[in-house]
Amino acid sequence: MASQAMPHPPLPPGWRSEWSVSVSLLLKNSTGRSQYNFPASGPLPPPGQRPFPGVRHGAHASVSGPLTSTSPINGFTRQPLSGYGAGGRAPIPPYAPAAAVPSPDRLAQQQQQQQQPQSVNTPPPAAVAGMSNTPPPPALSPAQDPSVARRPGRRQYARDTATYIAGDMSGGPSASSGPGHGHSQSTAGFFSPAAAGGPAADPAAGQFFTPGAAPGSEFVQPGGPSVAGAAGAGIGGAPASAGGAGYGAAQLTNQFGQMGIGGVRQQSNVSTVDLIKTPLNPLELMTMQPPEIRLPPNASFSQSETRNADPSYQRMTINAIPTTNTLLQKSKLPLALVLTPYRSLKPGDPEVPVVSDTVIARCRRCRTYINPYVTFIEGGQRWKCCMCNLSNEVPQLFDWDQEKNQPADRYARHELNSSVVEFVAPTEYMEEDQVRAPQPPIYVFVIDVSYSAVSSGMVATAARTLLESLDRLPNEDSRTKIAVIGVDSCLHFFTLAAGSTDPAMLVVGDLDDVFLPKPNDILVNLVEAKAGIENLLGRLNDMFHDTHNTGNALGAGLQAAFKLIVGYFAFTLSPSANEGMELTIEGFPSHVGGKIVALSASLPNLGPGSLKNREDSKVLGTSKESALLQAQTGFYKTFAIDCSRSQVSVDMWLFSSAYTDVATLSGLPRYTGGQTFYYPSFNAARSEDALKFAHEFGTVISDPICLEAVMRVRASRGIRMSAFHGNFFVRSTDLLSLPAVPMDQSYAIEIQIEDPINAPFVVFQTAVLHTTCYGERRIRVITLALPTTSSISELYASVDTVALATLLANKAVERSTQSKLEDARDAVQNKLVDILGTYKATMTSAGSGASPQLVISDNMKFLPLLMLGLLKNVRALAPVIYPSRVGGQAFLELALTRILRTTGLRHSTMIPSDVRAYAQALLTTLPSQLLIPYLHPVFYSLHNMPKECGTISDAGVILPHPLPLSSERLERHGLFLIEDGQNIFLWVGRDAVPQLVMDVFDLPSYADLMSGKRTLPVLDNAFSQRVNAIIGKVREARRGPYYPHLYIVKEDGDPALRQWALSCLIEDRLEATQSYGQFIGMLKDKINDKSF
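Under the numbering used here, the letters of the sequence shown match residues 112 to 1203, in that order.
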C-alpha cells in the first residue's frame, strides 16, 4: 500500500515532512543539519480510524518505529538493538545508539507484502517477563540500502529520519512473523496504520515491561536505562515518571534539546508591566509564590509532590539557570540560593521524613546524596549521579526493610520521593573521634547582675522564664547540662553539689585570668540537680536586689563559660613532705560544644572585651557613621572564632536604655551560628516588655537545636558557590561551620557559573551534618532541581522576587559595614537601574532609547517597592513609658532622646547606631516570611472590614484585605492596623465615634484614650473579639520566636509615636526620602540617561 498523505504540524525552515505507514511520521532535513523537531502533538489519524489517545509522557506498551539516519547524529553509531523479547523489542534505554534499520523506501516495499491479514502471536506472560535475547534481524549496510546509494553527478545531503512515538503513535513493520520476532501491530488504545488490515492485538500483551509489575501492565521507565530481565529482589515497580520516560520523542527531545530545536522546554511568555501606570495590590505580595519550576519531563522518576524543595526551605533567585555566565551577566540578575534549613513547623506542615536504617547512598566522586533526580541503570543495580553523571553501586541493603527483615520497595524510600530528608548517620560521620558519644546539650547562662540589669527587671524576668522553661529544655535522653554565672564587677559562680538543693555562690574577682572553682559542681546535669537549679533561679534576683554595682565584666564571664564547656587542665608543682616535688593536676575533661546564652543590660566596661561609649551624635548621618557599625575591638571576633572551633555557639540578649554597642556584641552570634535580640529601654514594670521578652526567651531556649553542625552546598558541574551571607564561620572555601543551627534562621549563598552548562537541568543540594539535641547524629539534605535556559526572557520570567529581595538586603548590609552607608544605598539603586534598564533594552521595542514608561516583568513588579522599603523602612526604639500618678491623674512620661525609627540603610541624622546595627542583624538572619513584612509592612482597615473578618474558618482566622502603604487610605473616623512582624500599630482617627472606642478599648470617648505600648482588652462584644483575633493571628501566623509589641497611636497624639507609625507607610514621602512615585520617576530618569 502506498504511503498515505497526512496533515502534520508546521516544521522549521528547511525541513519537510512525509507521512509514512512504516514510521508514522518521517522528518527529512534538506539542509544537511542533524537536528530533530518533534511536534507538540501527533498527526491526525486517517478518516474513519480510531483516534489516537492523548499525549502522555513516558514509554507505553507500544512498538516504536525505526530510527534511521544516513549520517552520524551526535556521535550515534549504527548498532542493532541488544535483543528482542518474545513479545517485541526490548526498551531503548536513554542515550542508547540509534539502530540501523531499512530505509523508508525499503520499508514501503516490505509494507506492500504485509497487506494480507495475519495473526498476532501473543506471548505468554512468562515469556514477556523473561525477555529472551533473540538476535534482531540483520541491519542493512549503506551499500545494501538503495536510499543511500551513491548517485554520480549529484551532491549528497545528510538525510535524517525520525519516528514520533511520544505515547500516542506506534508503527514499524514486523521483522519476522515467527516467534521471537513478531511485533504487535497495534496495542490497546493505539492506532497503527500498518495494522489497519489485521486483527486487533491482545490488549494485555505489553511489548515493554516494568520490573516487579504484573505481566501485560503498562511499561514505566523510572528515569534511567532498563535492562531486560526479571526484577531483582527488593526492586519494586518504579512510580510513573513525573513527565517522561527515557524513550521515544521524550528521550530524543531531551537529547537534542540543547541544539535549539525540539527542546524540552517551551519558550516562556514574559508579561511586561509599566510600573508607572500599574497599581500594586499588597495582597499579591502576601500570597506571592515563586515562578513555576518547569523541569524536563524525564528529570525525575518520582511523582511525589515533595520531589522538589519547598520554598520555605530553599529557593533560588532565578528558577531557571542560564547556560552561560555571559547570559547571566547580560541579564544583570544576581544568582543566589536562599535557604532556611531548619524551619519551625506550623500546624499542617509535614514532618521532615527520616531515614533511620543508616543506609546512605552517595556519589563516589562529588559526594552527592541520592535523591529523586538520579537515574537507575543496569537493571537497578547502579545509579547515575545527577550532578557529575558518575555511575555508582546501589548499597546492598538499599532494598531491604531492616525492621521487618524483608525486601522493601525501593521507590517508596524517603530519599527518592522527598527533597527534604534526614538521614540517621552511622558512626563514620563523627568527626575526629569516631567512638565518642554525640554531644549532649550544654547551656551556660551568663547573666548581667549589675544595677542596670536588676533595676530594669531583666534579672527577675530572665530567672522566672528560665525556671518555667526547665521542663521544656531539650533533654529527652536526660543528658542536658546547665550552669549559671552572674556578672558585674566580679564573676559569681553557683555550685550545685549532687543531692543538694541549696546552691552556694563562689565569687572570683580576678578578671584577667579566669579561675573556675569546683567546675564539676558548677556545670551539672539538669535531671540530677533540678531541685537545686529551681532553688537558685527562684532566689537569683533576691541575691542582688540591693546591689549598686555598675560594672559589667561580660568578656570575663564569656571566657569562664567557654572554659566550663570545653574543659581545661592546670598543672602545679609544689614541695612535698618528703622534700621532693609533688605534681598537682586540676581541671576536668572537656565536652564537645554547647551554647552560651549571654544576657547583658549595660555596656561591658571591665576586664577583657571592655568597651567604650563611642556614639557621637555629630557623626550620625555622615560618612563616618559606618565606623560605628563595625566592631570596636577584635576581642569578640577572636573569641567567636575560638568558640566556633570548639563547637560553642553564643546567643546575645541585649537590654539597655543607653548605648550598648550592638555592632560589636552581635559579632559573637554572627560567627558562631547564634542569634541577637535587642530590647531598647527595657522595663519589666511594663507588662508588655516583660511579656515580649519572656515569650521570645522561653521560645528560643526550649526550641530543639542542632549542634556541632557543618553545612555544604553542592551543585552540578560548571557551578560554584562564590559568597556566603549569614551567621556562621567559613571553615574552607565551601564548608560552613555552625556550632548551632537555630530555628528559622536564613542564609544566602551567591552562585557563579564557571563553565557552560549543557545539561537540561541542574541540581543544588544542601547537606547539614549535625547532632540533634536528643543525641543523634544526622544529615539533613535539601535538594532543588532547576531547568537550564539560554533565553534571557525566560530568565526574567523565572525571577523569584522574594528571594532576590532577600539577597539584595544581605548584600546591602555587607556593603554598609565594609564601606559607607551611602555606598550601600547607591548600590541598591544602581542594581535596580541595571536590572530595569537591561530589561527595557532587551525585552521591549524601546531598546536603549528614552521612554516615558518604566517596564519590568510582571513577576518582578514588587521589586522596586521592596527595595524602597529597604532604603527607608523604619524600625523604632520604643518610647520609655513610666506610668505614675501626680495629683490623682495618670500621665505618661515619654523619655524620647532620639527619633523613634530606624533602618539598616536609611539616611538620617537621628538614628542611634545600636538600633541601626540591630536592624542590620535582622536583615541578614530573618527568613523570607519575616523579612518581606519587615521591608513592606501590612496595612489593614478594621472599622469597615467585612463581617467575616476576625472570625474563624477552616483555614484559621480570616484577615481583611491589605491596603496600599499610603496615608491617603487613612480616615479620621477609622481604626487601622499596621504591622511589620516586629511591632503592631493600632491607629485611631481623631473623629472615631464613641461606640467604636467603647467596643475596642472599653473607654467612653476618644479623649480618654492614651497612646503608647498597650495590651488590648478582650471585651464581651463581637467587634472586640474580632479585633483581638486578628491581632493574635498576626502574632502567631509567621514562623520565628518574635512577639510584636502593640502600640496605640492617636492621630493627634504623641508626635514621635505618630511619626513612627506613619513611617511604615513606605509609599509616602518622609523627611528626605522619596515617595514611591518619586522613586519610580528617579529610576526612569536614570535609565533614560544611561546606555544599556
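Positions of the beta carbon are idealized from the N, C-alpha and C atoms, including for glycine.
Boundaries of the alpha helix (DSSP H) in which residue i is found, first to last residue
i: V754; result: The question names Val, but residue 754 is Cys in the sequence shown. Segment 746-756, the alpha helix (DSSP H) holding C754.
i: K1144; result: 1133-1148
i: S813; result: 798-813
i: P630; result: 630-633
i: V570; result: 569-580
i: F1190; result: 1187-1200
i: D653; result: 641-654
i: E905; result: 903-908
i: V535; result: It is not in any alpha helix (DSSP H) - V535 instead sits in the beta strand (DSSP E) that spans 531-535.
Chain C contact for residue i (CB, 8 Å cutoff)
i: H659; result: Considering every chain present, this structure includes no chain C. It has just one protein chain.
Cβ-based burial, residue i [other Cβ within 10 Å; buried from 16]
i: R590; result: buried
i: T949; result: buried
i: G958; result: exposed
i: Q876; result: buried
i: L846; result: exposed
i: P630; result: buried
i: S734; result: exposed
i: H659; result: exposed
i: S214; result: For S214, the pLDDT reaches just 47, beneath the cut-off of 50, and the residue's location in the model is therefore unreliable, leaving the point undetermined.
i: Q741; result: exposed
i: I633; result: buried
i: L915; result: buried
i: A523; result: exposed
Opening and closing residue of the beta strand (DSSP E) in which residue i lies
i: L396; result: Note, L396: premise wrong, no beta strand (DSSP E); alpha helix (DSSP H) at 393-397.
i: Y554; result: 553-559
i: N586; result: It is not in any beta strand (DSSP E) - N586 carries neither H nor E in the DSSP assignment.
i: R875; result: It is Phe, not Arg, that sits at residue 875 in the sequence shown. 872-883 is the extent of the beta strand (DSSP E) around F875.
i: R476; result: First-last for R476: undefined, no H or E at that position.
i: D762; result: 759-767
Same chain only: Cβ atoms within 7 Å of residue i, ignoring 5 sequence neighbours per side
i: S962; result: K951, N1199
i: D1113; result: P1128, L1130
i: G662; result: S561, D599, S600, N716, L717
i: S954; result: Residue 954 is actually Met in this sequence, not Ser. Excluding residues within five positions, the ones whose Cβ falls inside 7 Å are V381, T383, S904, Y907.
i: P1048; result: L1076, I1089, E1090, D1091, C1175
i: K485; result: Correcting the residue identity first, residue 485 is Val in this sequence and not Lys. W494, K495, C496, C497.
Beta-carbon proximity check, residue i vs residue j, cutoff 8 Å
i: S792; j: A564; result: no
i: L739; j: S1024; result: yes
i: F840; j: S777; result: no
i: A574; j: N652; result: yes
i: I812; j: V852; result: no
i: E819; j: F788; result: no
i: S455; j: R1146; result: no
i: T451; j: P1038; result: yes
i: L627; j: K674; result: yes
i: P537; j: P871; result: no
Secondary structure of residue i, DSSP reduced to three states
i: L1114; result: coil
i: S600; result: coil
i: A109; result: Look at the range of the chain in this structure, 112 to 1203, and you will see that residue 109 is not part of it.
i: Y782; result: helix
i: N503; result: strand
i: A594; result: strand
i: R1027; result: helix
i: E1079; result: helix
i: F1203; result: coil
i: T912; result: helix
Beta-carbon proximity list for residue i, same chain, < 8 Å, skipping 5 on both sides
i: N921; result: H836, G837, A859, L1034, T1035
i: T417; result: P461, N528, S529, S530, V531
i: Q743; result: L722, K723, R725, D772, A774, T775
Own chain residues within Cβ distance below 6 Å of residue i, not counting five before or after
i: I471; result: F534
i: S415; result: N528
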